[in-house]
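Here my numbering is used: the first residue of the sequence shown is 52, the next is one more, and so on.
Note that the Cβ used here is the ideal one computed from N, Cα and C, for glycine as well.
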Amino acid sequence: MEFQNYMFVQIIFLLGVLLFLGREIFLAKKRLDLVERRQLYFLQLILLIGVLVRSFNLLLPYGSFIDEPMGAYDSWCLANFGVDSNLASYPVYLKSWGTGQSALYAYLALPFIKLFGLSEESYRLPMSLIGSFVILFFYWTLRKTQKNVLLVFCLSAFLAINPWHIMKCRFGLDCNIFPDILLIGICFIVLAYNARTQAKQFISYLLAFSFLSISAYGYGVSWFMLPFLFVFLLFFLIKKKRISTQACIVSLVVSLLIVFPLILFAFSLFTGGEQYQIGFITITQLEAGRHNATTIFGTTDIYQTLIDYLKISFKIFVWGIDGVRLNSFFPYGVFYNIISLPMFIIGLYYGKKEKDLLSILFGAILISSIPIVLFVEPSVWHWNVLWFPVIYFTGLGIYKICQNKLLQWTFLCIYITLFSSFIYMYFDKRTYVPFYSYNFKEDVKFVQTLDVDKVYYPAEINHAYALFYAPVSPYIFAKTRIDEGWPIKVAKSYGNVVIGLPNEIVPTPKTAYVIPNDLLKYIDPAEFKIRRGKHYYTVIWND
């Protein structure tokens with residue numbers, strides 16, 4: 052791993068983390084109880100490790116997941132041209148492949164791509180930074196509002212070592228920013244509820260509902276649950292008389308202003324309206340919504356689909372896997388499921404019984420997410436809103452069992468072993484399978500250095516990968532692209548690029564081909580210049 056410019060941002064962030072943790076250690080020294088001091092000292096170490104494993108070598112996982120290069124290219128276009136790949140000016144929702152992609156993460160990545168260029172690391176950096184911030188902010192919220200240090204330890208430490216959160220922080224899947232932004236909003240609700248002054252309460256509620264509103268831009272599936280969560284939170288806070296009329300009205304108005312462009316987009320999407328602009332913002336119109344492909348509403352056999360969904364749901368909750376290794380992998384699952392599932396059930400029981408604020412809020416997220424569980428195709432990332440409540444109630448269950456000091460050491464040893472084993476497996480090149488694009492990344496980049504008029508790629512190097520590793524102006528791409536497929540559109544050619552090799556590869560002046568190595572036996576080395584790649588592809592060309 053070589054030093055990259057983006058690491059300067061990580062160094063600055065890490066210095067801030069060290070200052071924060073150092074201050075927490077200083078404050079912990081003032082506690083009279085020796086056991087509590089030691090718990091807080093150890094927790095700072097766990098939090099630091101949690102930040103490091105979310106930040107170290109963002110090139111891993113090697114290559115890029117299919118939605119990463121498309122989102123990253125759109126972010127690059129917006130950073131350099133003010134339009135996305137479809138020439139929409141600052142769209143509310145990215146058109147992407149034709150069926151859309153959430154825009155929030157592309158905007159968060161925009162300054163990093165502008166500064167450090169288009170790469171896996173620069174696109175993944177905001178996910179890593181925000182995820183690291185979230186574990187610290189969650190801890191700080193608990194430390195400010197909870198008197199029980201062991202509870203703070205169990206909840207914060209379990210989030211810091213959580214496999215799902217670590218993995219999702221290390222690659223740039225657009226939808227995975229949603230749960231982090233949601234949790235920030237929930238933390239501000241907790242801080243506002245416990246605020247000692249009206250000014251702090253007002254500001255905290257305003258920030259809380261602002262973040263909850265912004266989270267809607269992070270993932271379309273969230274629209275199934277966010278309205279229910281909003282209504283519950285307002286009803287709960289008003290009933291408890293913990294929010295002033297002024298704070299309630301201002302928070303509502305600000306929330307509506309934030310989501311208004313998204314409401315216009317949703318209305319246009321479901322009514323078949325035209326794409327249009329409000330100032331510099333584009334209200335996007337898609338070829339078709341993704342809801343038909345990812346929800347039960349797009350199926351013709353609802354009964355059979357429900358049965359299939361239940362089978363997958365059982366697999367996810369019990370084993371913590373959905374068959375997609377970048378989300379989770381056996382035996383660690385989403386939250387060390389095999390070991391932690393009983394703790395989750397215990398935590399649910401005590402949360403329902405005691406009805407403390409945290410349990411009410413995380414319980415509200417679970418209940419609000421019932422439409423997602425019922426109607427959305429089960430997968431770890433489709434259900435990403437569920438995992439913070441699951442982490443919370445599992446941590447609560449661990450806390451309840453660890454009232455016994457002997458069991459504290461038992462659980463500590465179990466989870467240290469699980470976490471250490473997970474980290475070893477995750478970073479071990481012998482067990483980790485990179486994304487397929489890792490095999491042709493350097494070959495596509497090499498072609499960009501050649502002085503050629505036409506480039507042919509094999510079909511597996513689709514336009515998203517080609518644009519990610521060898522970007523061109525969105526004006527060239529959008530105006531010259533020839534697509535196939537609907538509603539998901541795949542470019543078969545654009546500019547000087549053709550996706551799909553010809554039936555016969557013949558030497559042609561100023562033409563390059565990226566070919567699988569198994570085609571080399573049909574190539575006469577006397578007729579081409581040849582650069583064999585590190586993996587499964589070779590570049591051949593003529594000047």
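Proximity to residue 129 across 588, 555, 525 peaks at 525, based on C-alpha coordinates. Counting C-beta pairs with one atom in each stretch, the segment 452 to 468 and the segment 301 to 309 have fewer than three that are closer than 8 Å, which means they do not touch. DSSP places residue 296 outside any beta strand (DSSP E); the residue lies instead in the alpha helix (DSSP H), whose first and last residues are 296 to 322. Where residue 567 is concerned, the enclosing beta strand (DSSP E) starts and stops at 562 to 567.
Residue 534: not part of any alpha helix (DSSP H); member of the beta strand (DSSP E) spanning 533 to 535, first to last residue. For residue 582, the enclosing beta strand (DSSP E) stretches over residues 580 to 583. In this structure, residue 494 lies away from residue 360, with their beta-carbon atoms at least 8 Å apart. C-alpha of residue 287 to C-alpha of residue 391: approximately 30 Å in a straight line. Taking 8 Å as the cut-off, the beta carbon of residue 78 is found no closer than this to the beta carbon of residue 207. Judged by beta-carbon spacing, residue 229 lies within the 8 Å limit of residue 270, meaning their Cβ atoms are closer than that value. The beta-carbon distance between residue 136 and residue 528, rounded to whole angstroms, is 6 Å. This is short enough to meet the 8 Å contact definition. Here residue 221 is buried: its Cβ has 16 or more other Cβ atoms, across all protein chains shown, within 10 Å. Straight-line measurement puts the Cα of residue 195 at about 43 Å from the Cα of residue 320. Between the C-alpha atoms of residue 381 and residue 401 there is a straight-line separation of about 28 Å. Going by DSSP, residue 520 is part of the alpha helix (DSSP H) stretching over 514 to 520.
Residue 146 sits away from residue 285, with the two beta carbons spaced by 8 Å or more. The secondary-structure analysis by DSSP pairs residue 333 across a beta bridge with 142, 328.
In the three-state reduction of the DSSP assignment, residue 364 falls in the helix class, which pools H, G and I. Counting along the chain, residue 588 sits inside the beta strand (DSSP E) bounded by residues 588 to 593. Contact between residue 542 and residue 550 holds, since their C-beta atoms are separated by about 6 Å, short of 8 Å.
Counting C-beta atoms within 10 angstroms of its own C-beta, residue 203 has 16 or more neighbours from the protein chains shown and is therefore classed as buried.
Residue 471 is classed as exposed because its beta carbon has fewer than 16 other beta carbons within 10 Å across all chains shown. The alpha carbon of residue 413 has as its nearest neighbour, out of 436, 460, 430, 422, the alpha carbon of 436. The alpha carbon of residue 489 has as its nearest neighbour, out of 586, 64, 351, 552, the alpha carbon of 586. Under the 8 Å Cβ criterion, the segment 163 to 178 does not count as touching the segment 236 to 253, having fewer than three qualifying pairs.
Rounded to the nearest angstrom, the gap between the Cα atoms of residue 514 and residue 120 is 9 Å.
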